[in-house]
Amino acid sequence: MIKKSNFHSIPSQAKRLDERHTDNSFEVAICGMKIAVEPGVYQTSEDSELMAESVEITKNQNFLEIGCGTGVVSISVAKRAANGIGVDINEKAVANARRNAEAQKIDNLQFFVSDVFEKVTGNFDVIICNPPYTKHDAKDNIERMFWDPENEMKQTFFKEVGGYLKMRGKIYFGWADFADIDTNLPFKLAEKHGYILVNTFKKPHKNDFHFYVLEFTRKPA
């Protein structure tokens, strides 16, 4: 279980969304790479870095990332994996991720548009998801980078992930301890759908909250 911080996320997220609705493109240095962040795409941050660092995978394993954004996590993980897929509901994010993968000369990775698992086929050793943390109305797919109306995306993820996860597969789920979210929601959803927590990774932020990566596997039979 995760204790809430005193940080309220919605004002900060609203400001960042205003910035992403502009035409500004820029580069960030992250995970040992220069990653382009294009207009309308989630700005890669410490949560992406923590996710990339936390995922354990081997050269004979494949992976799926739900909500790929700029592609930085998938690109980083693909360097250690057999192959991977990154999907996002946001067409702009998918185009951005493809260009970043090409710039990094990554050829074992596909990106395409999908609303969670809607367009996904196959089974995976590792499934990664850094969801929009905050339950809040969203008027378009850009706002869904930060806001998840009625926690629908997170509920869909845990309900459907078992159809795509190999029997001994691992789930890496991003989270935070914001004051205005249910910090224990992932644990409730995991328990409901038959998964157990096996590891927790944590990274502090300068605004006095923490990012988390929660590693889940199927409950033993």
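Taking our numbering, I'd label the letters of the sequence shown as residues 13 to 233. Idealized CB from N, CA, C, for every residue including glycine.
Item: Nearest-angstrom beta carbon gap, residue 79 and residue 56 [assumed within contact, 8 Å]; Value: Actually they do not touch by this definition, with Cβ atoms about 12 Å apart.
Item: Whole-angstrom distance between residue 111 and residue 231, CA atom to CA atom; Value: 38 Å
Item: According to DSSP, residues forming a beta bridge with residue 145; Value: Answer is none; residue 145 lacks a bridge partner.
Item: Buried or exposed by the 16-neighbour rule on C-beta atoms within 10 Å, applied to residue 180; Value: exposed
Item: Option in 177, 190, 103 with minimal Cα separation from residue 146; Value: 190
Item: Selected residue, minimal CA-CA separation from residue 144, among 13, 153, 74, 175; Value: 153
Item: Residue from 218, 221, 217, 200 with nearest C-alpha to residue 228; Value: 200
Item: Rounded Cβ spacing between residue 51 and residue 37 (contact assumed at less than 8 Å); Value: 6 Å
Item: Cβ neighbours of residue 42 in the same chain (closer than 7 Å, five flanking residues each side left out); Value: 56, 60, 61, 84
Item: Within 9 Å, strictly: CB atoms of residue 214 and residue 207; Value: no
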